[in-house]
Amino acid sequence: MDRDQSAPDGITPRGKWVIAATVVIAIAAALVITALRQGPVLGSADFTMDPEFKIPAPPHSTPYMSMNNIIATVCMTAVGLIGVGLGIREIRKTGSLLPLMLALSGAMICIPEVFYDVIGAVYFPWSESNLAYTILGREMPWWIVAGWFGYGAFMIFIYKVLESNPRTKTIWLMWAGAAASSVVFEEILLSMGVYHYYGNQPLIIISQLPWWWIPCNSVGVFLAAAIAYRYRERMRGWRSISMLVITPLSVTAVYGFIAMPSWIAVNGDYPWLPTQLLGMVTIALGVAVFAFILDAVLGRHPSRPNYIPANSLSPQEHSQAATDQLR
92 MDRDQSAPDG ITPRGKWVIA ATVVIAIAAA LVITALRQGP VLGSADFTMD
142 PEFKIPAPPH STPYMSMNNI IATVCMTAVG LIGVGLGIRE IRKTGSLLPL
192 MLALSGAMIC IPEVFYDVIG AVYFPWSESN LAYTILGREM PWWIVAGWFG
242 YGAFMIFIYK VLESNPRTKT IWLMWAGAAA SSVVFEEILL SMGVYHYYGN
292 QPLIIISQLP WWWIPCNSVG VFLAAAIAYR YRERMRGWRS ISMLVITPLS
342 VTAVYGFIAM PSWIAVNGDY PWLPTQLLGM VTIALGVAVF AFILDAVLGR
392 HPSRPNYIPA NSLSPQEHSQ AATDQLR
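According to our numbering, the sequence shown is numbered sequentially starting from 92.
The structure is reproduced here in structure tokens:
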């Protein structure tokens with residue numbers, strides 16, 4: 092049965108030309124900006140190779156900004172508590188624990204975060220009075236726990252958007268908005284000195300943020316929210332606790348799918364062009380994985396922007412709906 096409640100057409104020829112032109116302009120702009128910007132200098136504090144492991148060494152001399160860490164921790168905790176409040180509201184409204192577990196699960200991403208940081212070359216200055224945990228020899232401050240806790244509110248937002256059964260283009264636009272917001276958000280945090288990128292980072296476009304990181308986090312939490320939405324009927328009651336594991340694994344899976352090209356660039360002394368191209372491959376893979384999630388998890392063909400399911404898909408209906416779209 093065809094569940095499309097709008098015109099079955101996909102992207103128009105004009106739309107394809109607009110997308111292609113936008114991609115070409117974005118690539119050209121990124122290459123021009125990174126060519127004009129002085130890249131990392133081998134031997135500097137941000138790009139010193141470890142003599143034994145032959146990878147960039149963390150800049151341990153980066154100063155710890157106590158007040159800025161407190162501000163970041165308080166602000167992100169407040170955002171996370173908004174997510175918890177929305178989750179409690181959903182319990183009262185629908186009786187479902189799932190949104191609350193989704194909100195709480197964001198904080199669990201702080202555990203695999205260390206692995207992303209070690210291979211992706213991110214350093215968090217810390218102090219003895221603000222040490223949350225240590226993994227792989229990396230001391231992590233409390234604000235990173237609060238930071239991921241804050242992402243729980245974003246995941247509830249994604250979940251509610253999916254629950255509203257929007258057009259597929261709305262989901263694409265939501266992701267684009269999240270990506271743009273993360274640029275602003277991270278540049279602010281980086282200017283506060285609460286964390287620092289080092290190594291041969293590709294695609295530093297504005298100030299300090301390497302843009303290849305953008306799809307890693309945003310697609311990762313989208314996957315977690317999409318899984319929660321698709322299996323919402325199965326994850327009732329105590330089963331919703333599984334989100335505490337599913338969410339960090341979802342983000343880790345996305346990093347595994349898309350980050351390898353940039354990890355190679357970050358940990359080597361490569362020329363300008365290969366470095367930037369490797370970062371662009373990560374972004375391209377991020378778009379591909381997002382499209383895959385739309386199709387495989389949500390049963391939406393990614394190139395049919397006006398597609399609206401007739402009703403919310405249950406897990407049992409998903410496979411048939413995906414098959415119908417290909418006919």
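Think of the CB as a built atom: it goes at the ideal place given N, C-alpha and C, for glycine as much as any other residue.
- Relative to the Cα of M192, the nearest Cα in the group A271, S333, L122 and V345 belongs to S333.
- Residues of the same chain with a CB within less than 8 Å of the CB of N358, apart from the 5 flanking positions on each side, are I146, P147, I210, A212, G290 and N291 in chain order.
- Here the region 326 to 344 makes no contact with the region 291 to 304; the two share fewer than three CB pairs at distances below 8 Å.
- Counting C-beta atoms within 10 angstroms of its own C-beta, V123 has fewer than 16 neighbours from the protein chains shown and is therefore classed as exposed.
- Rounded to the nearest whole angstrom, the CA to CA distance from T366 to M351 is 12 Å.
- Its Cα nearest to that of G197, the residue V175 stands out among V175, T185 and D208.
- Separation of A387 and T103 (C-alpha to C-alpha, rounded to the nearest whole angstrom) is 23 Å.
- The Cβ neighbour count for D137, taken over all protein chains shown within 10 Å, is at least 16; the residue is labelled buried.
- The C-alpha of S157 is placed about 20 Å away from the C-alpha of Q299.
- Taking each of I202, N159, T139 and A163 in turn and checking the Cα distance to S152, the smallest one comes out for T139.
- Fewer than three pairs of CB atoms, one per stretch, sit closer than 8 Å, so the region 369 to 381 makes no contact with the region 315 to 327.
- By the Cβ test, the region 168 to 186 is not in contact with the region 223 to 232, since fewer than three Cβ pairs between them sit closer than 8 Å.
- Exposure of W329 is indicated by the presence of fewer than 16 other C-beta atoms within 10 angstroms of its C-beta.
- Taking C-alpha positions only, M371 is separated from T125 by approximately 12 Å.
- Spanning the alpha carbons of A120 and M326 requires a straight line of approximately 45 Å.
- A straight line joining the alpha-carbon of R183 with that of L264 spans about 30 Å.
- A Cβ-Cβ distance of about 5 Å is found for the pair A237 and T164, placing them in contact under the 8 Å criterion.
- The Cβ atoms of A269 and F245 sit closer than 9 Å to each other.
- Distance between I249 and V132, taken at the CA atoms: about 40 Å.
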